[in-house]
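Below is one structure, written out as structure tokens; the observations come after it.
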Amino acid sequence: MKLKVTLSASLFAITAALLPRVAAAEVAPLDLVAPIADYKIYVSENLEKLVADTKTFTDAVKAGELDKAKSLFGSTRMSYEAIEPIAELFSDLDGSIDSRADDHEKAEKDPEFTGFHRIEYGLFAENSTKDLAPFADKLLADVTELNKRITELTLPPEKVVGGAAALMEEVAATKISGEEDRYSHTDLWDFKANFDGSRKIFDLVRPLIEKTDGEFITKVSGNFDKVDVTLSKYKKGDGYELYDKLTDDDRAVLAAAVNTLAEDLSTLRGKLGLN
Amino acid sequence: MTSKTGPASTPPSQKLMKLAVAGAAILAVAGAGAFYFASKNMKSGTPDNAVVVTIKDGTCDPNAITVPAGRSTFKIINNSDRALEWEILDGVMVLEERENILPGFTQTMQAKLKAGDYEITCGLLSSPRGTLRVTPSAESEAEAARPPLVSFVGALAEFQVFLMTQTNSLVKAVTAMDEAIKAGDLEKARELYQKARAPYKQIEPMADLFADLHNAIDPIADYLEKREQDPAFTGFHRIEFGLYSSNSLDGLAPVSAKLLADVTALKDRVRGLRIPPEQIAKGAARLMGSIADTKIAAGEDHYSKTDLLDFEANLAGTSRMMALLKPVAAPAAPTVVADIETRLAEANTALAALRGTDGYPAYDKVTKDSRDVLAQKMKALADSIDKLNTAVGLE
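Chains U and G are the protein sequences, given in the same order. Position 127 (the first sequence) corresponds to 127 in our numbering; numbering is contiguous. Position 106 (the second sequence) corresponds to 1106 in our numbering; numbering is contiguous.
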């Protein structure tokens, strides 16, 4: 079945004229260059760390050091999760690095189920490093390739700015529920990384709208702070408590703040003239 | 990639949501009826005419979609038994996606699409993909032919990253050279001199915008009254003079300290540089032109005779600049962009032809004929780049 959608030019013009003009023109396009450039540097630094951390993690997996590999799982993922809006732009690598069992027909038993969560399944659900070496090699090769591709990629500005909201939506959809790291329960590590990545984007573009949109800045900053304070209660050593330690009250606080943040941050693109 | 299953903690709200969705569906049917009557008096569609895609058993219905370029709205109905994400793919690149669509739910997604052929995902990673054809519209053609300023933001940001990376390498290499000079290590200082030179030459079209720094970092003796003895003879070539002509580090320490201060200042200034897009092609064309017109004949590296290495770095920088502009410039000016690429390749070939097994020969060993060929290629490249700004509507 083939569907053809047509929209007459005249009707388009009428619609465009009727739509409210969002305060977009106040930010000059050239003002966006420095924040996007700074974000690319942030992405590159995270990718370098991801490759280095993944090497250490996969070395432990291949050496059969089960406890060490388990302890490295949460922290290794953080640099991936922090830059997820960019990291997941390549569908092939996103699938091989970070897909869930549910994305595959035969779930955990599917040969295409690879990457972080496949190794997580082995380490935490099967409690073994047995047969994980090929997945470890593949993961390291994939994050290395990801680094290479993103280095050469011109970041689409609307994906960068839209990433602030995308990361909070990601938290709302997969971290609040504890769905993502279902075998290891290290969701709070991912949560923290998504949160930091979102706040980084917000902080980079903040000076562009500080004067015109003070109220928005205050509200968003307040909610970021609320999440930060709540999350910091669960800090443990260099990382975080397991997800089941999160109280219902705190989960509710986080869920509310994250949903509001996702909603508010989704207006950033419009505010910056990138819709 | 995100969730494929729903929030486990909130089953009651899911049920509520399903009721709400059912309610919305009834409203939608009612709305569709109202729309039918309303549209009888209209000749064309409505801004609300979203493309509805239903996903079930790993297939998209419809499986082949055509929309005009510009903004489109997609309504994704998940009639499968698993949560899914829906993506529009350009090769392996994700253009737009909607994540975590729960079974029985519908999500709406807006996408601003350029003309081209894309794929859509239909459930599991292994599910066959559908196709999305985006046909050119008058509006999209006009925008591609004369890209608005905002479409250069990505390229300019990447250019800024390039400038930062190169000035970082520059400061690092000059620091290392400065240490070698202070330590009295002539051999090492020579090696590091060449390392420091390349990043400066890569960003030369931007570096020479700062006249004061440029005159301190890269003056050549030919233009100074007392030549090598002139107090204004500072920077790279003053150090080169010591390293390769006097074969001595005598008196170089203060020159090197000053060069380090100057390249550090350059790094800081480049950081805050607000570069309008037309500056990129303008700067590249100007530099290639001056190489063709004067530098190839006269040479600049009189003592180390490494001019060909300088040209190589200049060309590498120019290639980078053109590659950054290409995604925006190619749809607007395909012929000019293709011509620039041809000229760049020819200039690189002419330069590579001079390269022997031990690298480039000393510049005074390069014959006039070879220099003429190189100059001609550089000139052709400069002329080609010179056409770019007009062709993409930047001037």
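The beta carbon of each residue, even a glycine, is placed where N, CA and C say it ideally should be.
Check: Residues bridged to Arg1133(G) [DSSP beta-bridge criterion]; Outcome: Thr1066(G) and Asp1117(G)
Check: Neighbouring residues, chain U, relative to Arg1274(G) (Cβ below 9 Å); Outcome: Leu30, Asp31, Val33 and Ala34
Check: Near-chain G residues of the segment 34 to 48 of chain U - C-beta to any C-beta below 9 Å; Outcome: Ala34, Pro35, Ile36, Ala37, Asp38, Tyr39, Lys40, Ile41 and Ser44
Check: Residue environment, Tyr1363(G), which counts as buried when at least 16 other CB atoms sit within 10 Å; Outcome: buried
Check: contact_flag[the segment 1099 to 1113 of chain G, the segment 1068 to 1079 of chain G] where n(CB pairs < 8 Å) is 3 or more; Outcome: yes
Check: Members of the segment 1124 to 1143 of chain G that neighbour chain U once the beta carbon cut-off is set at 8 Å; Outcome: Leu1124, Leu1125, Ser1126, Ser1137, Ala1138 and Glu1139
Check: Host beta strand (DSSP E) of Ile1088(G) (start-end); Outcome: Leu1084 to Asp1090
Check: Backbone secondary structure at Glu1099(G) - three-state DSSP; Outcome: strand
Check: Within chain U, partners of Met1093(G) - CB distance below 8 Å; Outcome: Leu89, Phe90 and Ser91
Check: Chain G contact for Ser266(U) (CB, 9 Å cutoff); Outcome: no
Check: Cβ-based burial, Val1094(G) [other Cβ within 10 Å; buried from 16]; Outcome: buried
Check: Gly1070(G) classed as buried or exposed, judged by whether at least 16 other C-beta atoms fall within 10 angstroms; Outcome: buried
Check: Below-9 Å beta-carbon distance, Glu112(U) vs any chain G residue; Outcome: yes
Check: Chain U contact for Glu1341(G) (CB, 9 Å cutoff); Outcome: no
Check: Helix, strand or coil at Asn1078(G) according to DSSP, with G and I counted as helix; Outcome: strand
Check: Which of helix, strand or coil DSSP assigns to Lys130(U); Outcome: coil
Check: Neighbour list for Pro1327(G) in chain U, Cβ cutoff strictly below 7 Å; Outcome: Thr154
Check: Neighbouring residues, chain U, relative to Ala1207(G) (Cβ below 8 Å); Outcome: Chain U residues near Ala1207(G): none, gap ~17 Å exceeds 8 Å.
Check: Nearest-angstrom Cα separation, counted from Ile209(U) out to Thr218(U); Outcome: 11 Å
Check: Closer than 9 Å to chain U by CB, Asn1100(G); Outcome: yes
Check: is_contact[Met1164(G), chain U] using C-beta, thresh 9 Å; Outcome: yes
Check: Backbone CA spacing between His1237(G) and Leu1260(G) [nearest angstrom]; Outcome: 14 Å
Check: Neighbouring residues, chain U, relative to Leu1156(G) (Cβ below 9 Å); Outcome: Pro29, Leu30, Leu32, Val33, Ile36 and Ala37
Check: Close-in-space but distant-in-sequence residues of the same chain around Glu1087(G) (CB under 6 Å, 5 per side omitted); Outcome: Val1094, Glu1097 and Thr1121
Check: Option in Leu132(U), Asp196(U), Ala252(U) and Tyr234(U) with minimal Cα separation from Lys245(U); Outcome: Tyr234(U)
Check: Any chain G beta carbon closer than 9 Å to Thr76(U); Outcome: no
Check: Run of the beta strand (DSSP E) containing Pro1053(G), from where it starts to where it stops; Outcome: Here residue 1053(G) is Val; the residue named in the question, Pro, does not match the sequence. That run of the beta strand (DSSP E) goes Val1051 to Lys1056.
Check: Within 8 Å of chain G by C-beta, residues of the segment 173 to 206 of chain U in sequence order; Outcome: Ala173, Thr174, Ile176, Ser177, Gly178, Glu179 and Glu180
Check: Host beta strand (DSSP E) of Thr1059(G) (start-end); Outcome: Thr1059 to Asp1061
Check: Per DSSP, the bridge partner or partners of Met1109(G); Outcome: Phe1074(G)
Check: Where Val143(U) falls: helix, strand or coil (DSSP); Outcome: helix
Check: Chain U contacts from the segment 1102 to 1114 of chain G (Cβ-Cβ distance under 9 Å); Outcome: Gln1110 and Lys1112
Check: Nearest-angstrom beta carbon gap, Ser79(U) and Asp238(U) [assumed within contact, 8 Å]; Outcome: Asp238(U) to Ser79(U), Cβ: 14 Å. No contact.
Check: Option nearest Arg1190(G) by Cα separation, candidates Asp1268(G), Leu1252(G), Val1263(G) and Ala1211(G); Outcome: Leu1252(G)
Check: Val1094(G) (DSSP reduced to helix, strand or coil); Outcome: strand
Check: Straight-line gap, Phe202(U) to Ala52(U) (C-alpha atoms, nearest Å); Outcome: 27 Å
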